[in-house]
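In this note's numbering, the protein residues as written are 104 to 591.
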């Protein structure tokens, strides 16, 4: 992952005199330095801006610096908002307005007009907020003291969403073959997606992958086998199948790295020259931060890589997922998520096992090796990006993952069980009404608010299914959004 940073641009004006401006600069540098100790990415204080020229210059520089993932603004004193127009109008990076102040409380003995002149964030930030609203600027507004834990948490989450945008803008997806035949939801307008999200989605022949596999050496496979044994329990005698998956992984990784791709997709309907569908290979690649999409689903592949980058430490507990079947016993309604072979071990509650089993779908000549495990319990989200024709819609549903209520000893795949919000049946109705796909990204690390911020930054529709959602309310919301987006 690239090193990312955020720039802190502080607003003021030249009427206060140099002494006040020096204090503003000193305090702003202090805030940035202290926040950098607790935020996931450095916050770099850049300037106490006093003119249109200063603001425009620094924002242009931010636009063209790849390591800058976004800007955070604050008006310590009163900053006339017309001086921000040119800069904000040219801004191409995510933007957060931190409405804060240096001091926590009003100092009863110290407060006088000098104090008032220096500490004017209460109306400086409102002036700044007006011009952003007037310019229709997509932005995040976070209010509170800069040392407050809630403010720090919200800033951290916003930063990770902004990094998700930076990753999106650089995303390249390697497709091995097309999507599964006759499937609708995995289709999409790649031109529109590149325009809106920055993704470059292209195809490489499966034959090219087979050629790359043939060039993998036994020494390379031995090295990867050591990594497998260090990370997973070997629960099969079929070492040949595991070594074949290692060969697939090495070849896929070489091709992706050579082309600068962070995500890939394949389909069990196109395994020309391959003995096994990549299972363990895909899972271990996802554990390293790559995105994956089954059945040629390039949208979920890219979204998996993006959510991983947004997660804790830049590669969080996020994974390609699919709703498979339901447990519909009244009062015990759950969804069982899994996939044939490919669920990332970042979701595992315990150390995953490598097993080999027959796969009764696709063109496998031999039994593929895969990781088998149960997912962790805890709050999470599932995310689906769909093409509505003329626009993209991001659907997020809150879920509560649970320890599977059944052992399922004969199910040889990784699995996660969860309660969908507001409840399984209502949640399914809402998901289907919104057009959500059967493939999703399940994440324990990324929140719905982060995904809302991500969608806002990229100007795409956002739908959130929560504990309070009803089918009737959702239908009304979708109708209004449909009208709004058609008029845009």
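Note that beta-carbon positions come from the ideal geometry of N, C-alpha and C, so glycine has one too.
Segment limits, beta strand (DSSP E) that includes residue i
| i | result |
| --- | --- |
| residue 214 | Premise fails: residue 214 is in no beta strand (DSSP E) and is neither H nor E. |
| residue 81 | Missing from the structure shown is residue 81; the chain here goes from 104 to 591 and no further. |
| residue 428 | 421–430 |
| residue 510 | Neither: residue 510 is in no beta strand (DSSP E) and is coded neither H nor E. |
| residue 394 | 394–396 |
| residue 150 | 146–152 |
| residue 568 | 564–568 |
| residue 520 | 518–523 |
| residue 577 | Segment 574–590 is the alpha helix (DSSP H) holding residue 577; no beta strand (DSSP E) there. |
Contact belief for residue i with residue j at Cβ below 8 Å, rounded distance in angstroms
| i | j | result |
| --- | --- | --- |
| residue 147 | residue 181 | No, residue 147 and residue 181 are not in contact; Cβ-Cβ is about 24 Å, not under 8 Å. |
| residue 377 | residue 313 | 6 Å |
| residue 499 | residue 554 | 5 Å |
| residue 112 | residue 149 | 6 Å |
| residue 505 | residue 543 | Not a contact, Cβ separation roughly 17 Å. |
| residue 117 | residue 157 | Incorrect: roughly 10 Å between the Cβ atoms, too far for contact. |
| residue 457 | residue 484 | Actually they are not in contact, since the Cβ atoms of residue 457 and residue 484 sit about 28 Å apart, beyond 8 Å. |
| residue 384 | residue 355 | 6 Å |
| residue 175 | residue 271 | So it is not a contact: roughly 20 Å between Cβ atoms. |
Closest residue to residue i among the options (Cα-Cα distance)
| i | options | result |
| --- | --- | --- |
| residue 177 | 501, 400, 507, 244 | 244 |
| residue 435 | 334, 324, 344, 521 | 521 |
| residue 268 | 424, 440, 571, 412 | 412 |
| residue 286 | 220, 320, 308, 398 | 398 |
| residue 65 | 188, 151, 179, 239 | Examination of residue 65 is not possible in this model, given that the chain is present from 104 through 591 alone. |
| residue 573 | 151, 526, 427 | 526 |
| residue 223 | 257, 183, 189 | 183 |
| residue 374 | 310, 264, 114, 567 | 310 |
| residue 562 | 111, 494, 395 | 494 |
| residue 338 | 584, 515, 290 | 515 |
| residue 488 | 432, 428, 567 | 567 |
| residue 470 | 271, 259, 346 | 346 |
| residue 207 | 237, 241, 247 | 247 |
| residue 197 | 546, 577, 203, 557 | 557 |
| residue 288 | 463, 396, 316 | 396 |
| residue 401 | 216, 282, 211 | 282 |
| residue 334 | 278, 588, 191, 391 | 391 |
| residue 453 | 477, 462, 473 | 477 |
| residue 426 | 523, 322, 144, 134 | 523 |
| residue 570 | 301, 482, 120, 584 | 482 |
| residue 140 | 290, 236, 258, 589 | 258 |
| residue 142 | 131, 263, 133 | 263 |
Pairwise C-alpha distance: residue j and residue i
| i | j | result |
| --- | --- | --- |
| residue 445 | residue 201 | 41 Å |
| residue 166 | residue 496 | 26 Å |
| residue 535 | residue 418 | 30 Å |
| residue 276 | residue 336 | 31 Å |
| residue 123 | residue 162 | 24 Å |
| residue 479 | residue 549 | 15 Å |
| residue 293 | residue 441 | 27 Å |
| residue 460 | residue 344 | 10 Å |
| residue 433 | residue 509 | 16 Å |
| residue 448 | residue 518 | 10 Å |
| residue 186 | residue 226 | 16 Å |
| residue 261 | residue 172 | 11 Å |
| residue 370 | residue 279 | 7 Å |
| residue 492 | residue 232 | 34 Å |
| residue 464 | residue 472 | 14 Å |
| residue 168 | residue 190 | 15 Å |
| residue 352 | residue 581 | 41 Å |
Per-residue DSSP class, three states only, for residue i
| i | result |
| --- | --- |
| residue 324 | helix |
| residue 177 | strand |
| residue 473 | strand |
| residue 406 | helix |
| residue 458 | strand |
| residue 204 | coil |
| residue 464 | coil |
| residue 482 | strand |
| residue 114 | strand |
| residue 257 | helix |
| residue 156 | helix |
| residue 275 | strand |
| residue 487 | strand |
| residue 221 | helix |
| residue 441 | strand |
| residue 135 | helix |
| residue 436 | coil |
Residue range of the unbroken alpha helix (DSSP H) whose run includes residue i
| i | result |
| --- | --- |
| residue 557 | 551–561 |
| residue 347 | 342–362 |
| residue 501 | Counting along the chain, residue 501 falls outside any alpha helix (DSSP H), though it belongs to the beta strand (DSSP E) covering 495–505. |
| residue 365 | Unbroken run through residue 365: none, as it is neither H nor E. |
| residue 542 | Premise fails: residue 542 lies in the beta strand (DSSP E), 542–546, not in any alpha helix (DSSP H). |
| residue 190 | 188–193 |
| residue 244 | No alpha helix (DSSP H) holds residue 244; the beta strand (DSSP E) holding it covers 243–246. |
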